[in-house]
Structures are given as structure tokens and as C-alpha cells.
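Asks: There's a structure below that I have some questions on.
Numbering (our numbering), first residue to last: 4 to 619.
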């Protein structure tokens, strides 16, 4: 019987007649024959034991089966990468680090830090602990209490105007308006310089005082405070007052009269501008901001209802004479519109008759010159902003367009290519035509030029035309830089006119507090004259004070008694601060386009009236 041999060949089945030895020899031969040919894996698994099986080429990961080689390579790569990353981290943490320091502040930022300190030195009343002027202390805390004719008994606070201890509300309110305007436009730059909280604190010190100078809870008032202290020395008067005496404010023991006014439109409208602009600065403090707005409304209503110039018949005409109140009407109405969004204020600010009375259409030697006395140029720039960014259209467009064009014109007058204003040989523009104390006008112009340049940039306008010639926005910024550089020391005398900035600055500043040493001695009204007349440098440094400035020949006399050269003022320093922050830091940092419009409702221009019907 034959059968199929699974290992090859035939298999004969016969009767078993072989011995056990023969069978064993035959099986051995069969095994050798079977192993001599290649077996598949299944066949091998039958013959090989568990320990001899071939290793599996794949790895079962549950959700996927991958090649063992790929799996081992992947895991190895991950482990190696982890070890490398750990090694690099170890090196980074153990090797000493060399951090790149930020670039040092530019000169404008450094000067800004100092210029703000001047306001700390000018504070009146009970000083805060953080005032940071070591030689100053509490002073004139009883202002108003000794006056038998005034209704306002608490007039402590505010700022002394200059080198004396008089509080003139007219230039003081202008100074606060300028500071608020600069914060509204350049709050990011103030913050970058580390001065935002400081400048807001300075503004609030002023506005808190202004709220004491009239009945701020009423809607209608009949009087306001215009001045605290007096300085009339005419007729060789020897009556102790803030100009006749040379005394530290902390040692004043003479009477300080309070002067009120009932027909002072210019002063009231300027104070309204100060409170309205500050209300935008403090808009996040809703209660305080609303208090400022209410006060501004009340003051402006008083200004409109009881017309008159504040300085008529008063000693203020000698120191801060006002020639008109129409420019304050345009200025104050503009700020009240931004603070309230009430279109009645915009209608007033753009009324052609008001603009005409303010001198918008007749020019003159001081056209385009912003100062504590004339705010028209500031109002024109401020309203040009509205046209550039919101374009309210009819019925405001005609006047807004005129103001915008006039702004372009007086910006042209600042450029050296035009002869509207002379320049000294050292390059200072003579905006007051060679009269004393020129720097206050220079810094205001520098601020307006930089600001208008930034307006144009934010409106994607590359520049403007002066006649047939086109000038880029950088031209205005360059003008501002040359003028502020002159103030900071780039002038023929190589003198910085900001005290404490640079190595060469005025040492005999016309200032009572800075010129009298702080010691145990108390000098009488005339006992302090020896310090006024001393040729020695001031014992106290009035950091940040911008003095009145040089003459038309770039000359400067560092003499304490010559206030036309060496006396600083609030209004002048406010313009300096505004110009410095505008020029400081990164020039690519834009103005804050929107904050000033926070209270302004969406603009829906009214269509102009249809033309009159045609008649044959």
C-alpha cells in the first residue's frame, strides 16, 4: 500500500517487519531529508519549540501595527531629542546672561521729567507727602479766611504764578488747559516716560483749586475769584505784598487779599476750558469728571451772560492784561463740545460772527501765536482736528474749513523760508517780535507744530501746501525740534534755559523760594532783600523751571533781579511740557485719535438746504 509522503516522494505502507533499531535509523534519515528543504513559517512553527521561534518583525500598539524597526527608531529619536533639549536648557540656565538694556531716554524725555517738577515747586497750600521738593513746605493755608469781603473762605491750594506768591487764575487756568490737552493727545508717551500719574496729579491740584473759586454746585453764578494776593508796587508803596516783599511762601505773614470779578468773560471762559479739558483726562473717574463738566458749564454760562474783560481797572492789567474775550469764547466752547458732545457749543465755536470778533479773518502781527492772552491759534488747531477725523459737514463745514486753512497758513509762517517772523542768529523764532520773555511763545508754537504734524500723519496726509510749494509733515516736526533744542542748550551761549537740565543753566533764577535757604531763620518782608540782591547762586535748585529766555541778540543775563531774563512762569512751563512730550520717545507713536471724542455722539451731517427755486 502506498501513500503520499508529505516530506517528498512516496510512502510505502507495509507490514511492520523491521526491528526497533532499523526503525530508529530510518526516522533519522527522514528527519535529515525533511530539514534539507526550505519550510514556510507555519511549517517551521510546527517543528520549532517556543524558545526557538523567529522574533516578530512588527509591534502591535493596539490601535495600529507598526514595524519594529520604525518603532525603535522613533522612540530612540524622541529620547535623544529630549536629552539634547535638557542639555541645552542646562547650559542656558548655568551660563551667565547678558540682558540687552533698553536704550537711554532721549533728551526730550529727560527734560520732560524735570519740567514737570517745576509744578511741584509752585504748589500752594498743604503739600502732599509725595511732593518731592525738599525745600518747599506748607504755605498760605489760610488763603481766603482773612478776607471780610469775599464769600470764598477756603482758597488754599492751586499754584503760585512765577517767582512770587500770587495766584493769578487767568494764566493758571491756561496752564492747566495746555497740560490736559497734552495728556489727551499723548497719554501713551506720558506713560512711556513714567509721568502719566504725575501730570494727572498736577492737573488735579489745579482743578481742585478752581472748584473753590466759584459756587461749583450752582447752575448760575454772579462772581468768581480772579486772584489771590497782590503785587502792586506803584507810587513807591511800601505796603507788604507779594511783590514788595522777598519772602519764602512758607514764611508769609502779611495779608493776602482776594480779588473777585463779576464781569470777566475771558477769565471765566478760560477756567471753563480748563475744567472741560480736565474732565476728559479724568473720564474714568466718572463722579469727578461730571463735577468738572458741571463747573465748566456754569462758568461758561457766566462768561456769556455777564460780558467784560477781567483785567479792566485791576492790577492784573499790569501783569496779565487781556485785550479780548472772543478768543476765549471760541476756545472754551470748543472744549465744552468735546467734553459734553452738546452741539450747541460747536455751533457757537463755529459761528462766523464769533470767529470774526476773535480776529480769525484779519491777521495781524501775532496771528498764529498761542499764548495765555490769545487762544485763537489753539482753537483753530483744535477744531481742525474735528474736521480731519470726523468731518461733521454742514452746517459747520464752512467755518471748520476756514480754520483748517488758516492753521495751514500760520504753520507756514513758522518755517524759515517765510519772513513773517524774524529769527535770532542762533535760530530762535521771534514770535513776540523781539520783546522780552520770548520762550513761552516759542514752546507753544513747537507744541502746535508737532501736534498738527501728528494730526496729518494720523489722517494719512503726507503734508500741506504753502502757496505752490508742498511741505511734508516732517518739516513741522523739524521746526519744533530746532526750537526746543535751542531751549535745551543748542544756542550761541550753549546754555540750557531749563534749570537742572544739562551742565550749564541759569543759577540766579528770579524766585523767592529758590533764592532763600531753608533753615531755622525766618526773614521779614524786607529782610529777604539780601537774598534777592545777592550775587551768589540760588541755594535751592528750581528743577525744571524754564526761565523767560534770551533777548533778540541771543544774549542772556543770569541776574536774579532781572525777571525779563530769569523768571519762570506757569504758562511758559505748561507749553514746554506739552512740546517736550509731543517730541519725546518713539516718533512712530501716534496721537490718541479717539479719547477726545468720547462724549461726542455719532456724526450724521445735515444735508444743506435746497437751492432757491429757479425763476425766469
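By construction, the Cβ of each residue, glycine as well, lies at the ideal position given by its N, Cα and C atoms. Just so we're clear, the structure is a prediction, and the values are computed from it rather than from any experiment.
Are residue 367 and residue 413 touching if we call contact CB-CB under 8 Å?
Replies: no
Asks: To the nearest angstrom, how far is the alpha carbon of residue 599 from that of residue 237?
Replies: Going from the Cα of residue 599 to the Cα of residue 237 covers about 45 Å.
Asks: Note down, in chain order, each residue of its chain lying with its Cβ closer than 6 Å to the Cβ of residue 514, except the 5 sequence neighbours on either side.
Replies: 166 and 545
Asks: Considering only their Cβ atoms, is the gap separating residue 324 from residue 440 smaller than 8 Å?
Replies: no
Asks: Quick one: measure Cβ to Cβ for residue 322 and residue 272, integer angstroms, because I've assumed they're closer than 8 Å.
Replies: Contact flag wrong, Cβ pair sits at about 19 Å.
Asks: Can you give, in chain order, each stretch of the alpha helix (DSSP H) that sits fully within the region 397-478 and has at least 4 residues?
Replies: 400-416 and 442-461
Asks: Give a yes or no on whether the C-beta atoms belonging to residue 319 and residue 230 are separated by under 8 Å.
Replies: yes
Asks: In chain order, what residues of the same chain lie with their CB nearer than 7 Å to the CB of residue 132, ignoring the 5 residues before and after it?
Replies: none
Asks: I'd like to check one pair, residue 168 with residue 129: are the Cβ atoms closer than 8 Å?
Replies: no
Asks: Evaluate contact between the region 288-307 and the region 210-223, counting only Cβ atoms and requiring at least three cross-stretch pairs below 8 Å.
Replies: yes
Asks: Please go through the same chain and pick out, in chain order, the residues whose beta-carbon is closer than 6 Å to the beta-carbon of residue 495, but skip the five residues on each side of it.
Replies: 429 and 557
Asks: Helix or strand or just coil, what does DSSP make of residue 214?
Replies: In the structure shown, residue 214 sits in coil (DSSP, three-state: anything other than H, G, I, E or B).
Asks: List the endpoints of the continuous alpha helix (DSSP H) containing residue 372.
Replies: Looking at the DSSP string, residue 372 is not in any alpha helix (DSSP H), and its letter there is neither H nor E.
Asks: Applying the 10 Å Cβ sphere with the 16-neighbour rule, what's the burial state of residue 606?
Replies: With fewer than 16 other Cβ atoms within 10 Å, it is exposed.
Asks: Taking only the alpha-carbon atoms, compute the straight-line gap between residue 461 and residue 455 and give it to the nearest angstrom.
Replies: 10 Å
Asks: Using 8 Å as the threshold, is the C-beta distance between residue 306 and residue 275 below it?
Replies: With respect to the 8 Å criterion, residue 306 and residue 275 are classified as neighbours on the basis of their beta carbons.
Asks: Kindly list the residues whose CB is nearer than 6 Å to the CB of residue 382, restricted to its own chain and excluding five residues on each side of it in sequence; keep chain order.
Replies: Within its own chain, the residues whose Cβ lies closer than 6 Å to the Cβ of residue 382, once the five positions on either side in sequence are excluded, are 333, 334 and 337, listed in chain order.
Asks: Between which two residues does the beta strand (DSSP E) carrying residue 229 extend?
Replies: 227-231
Asks: Alpha carbon to alpha carbon, how far is residue 491 from residue 534? Give it in angstroms, no decimals.
Replies: When rounded, the distance between both Cα atoms is 27 Å.
Asks: Tell me whether the region 136-153 and the region 339-356 touch, counting them as touching only if at least three CB pairs, one residue from each stretch, are closer than 8 Å.
Replies: no
Asks: Determine the direct distance from the alpha carbon of residue 290 to that of residue 120, and round the result to whole angstroms.
Replies: 28 Å
Asks: Can you tell me whether residue 68 is helix, strand or coil according to DSSP?
Replies: strand
Asks: Indicate, with yes or no, if the ligand NAP has a heavy atom lying under 7 Å from the CB of residue 111.
Replies: For the ligand NAP, the structure offers nothing, since it holds no ligand at all.
Asks: Apart from the five residues on each side of it in sequence, which residues of its chain come closer than 7 Å, Cβ to Cβ, to residue 259?
Replies: 143, 146, 231 and 232
Asks: Do residue 156 and residue 162 come within 8 Å of each other at the CB atom, strictly closer than that value?
Replies: no
Asks: Measure the alpha-carbon distance for residue 198 versus residue 123 and round it to whole angstroms.
Replies: Residue 198 and residue 123: Cα-Cα distance of roughly 13 Å.
Asks: Residue 603 lies in the alpha helix (DSSP H); which residues open and close that run?
Replies: Counting along the chain, no alpha helix (DSSP H) covers residue 603, and no H or E run does either.
Asks: Enumerate in chain order the residues of its own chain whose CB-to-CB distance from residue 138 is below 6 Å, with the five nearest sequence positions on each side excluded.
Replies: Once the five neighbours on either side are set aside, the close Cβ partners of residue 138 are 521 and 543.
Asks: From the DSSP output, in three-state form, read off residue 170 for me.
Replies: strand
Asks: Count the other CB atoms, across all protein chains shown, that sit within 10 Å of the CB of residue 463; report buried if there are 16 or more and exposed otherwise.
Replies: exposed
Asks: Helix, strand or coil for residue 619, going by three-state DSSP, please let me know.
Replies: coil
Asks: So, does the region 187-206 touch the region 389-408, judging by three or more C-beta pairs under 8 Å?
Replies: Fewer than three pairs of CB atoms, one per stretch, sit closer than 8 Å, so the region 187-206 makes no contact with the region 389-408.
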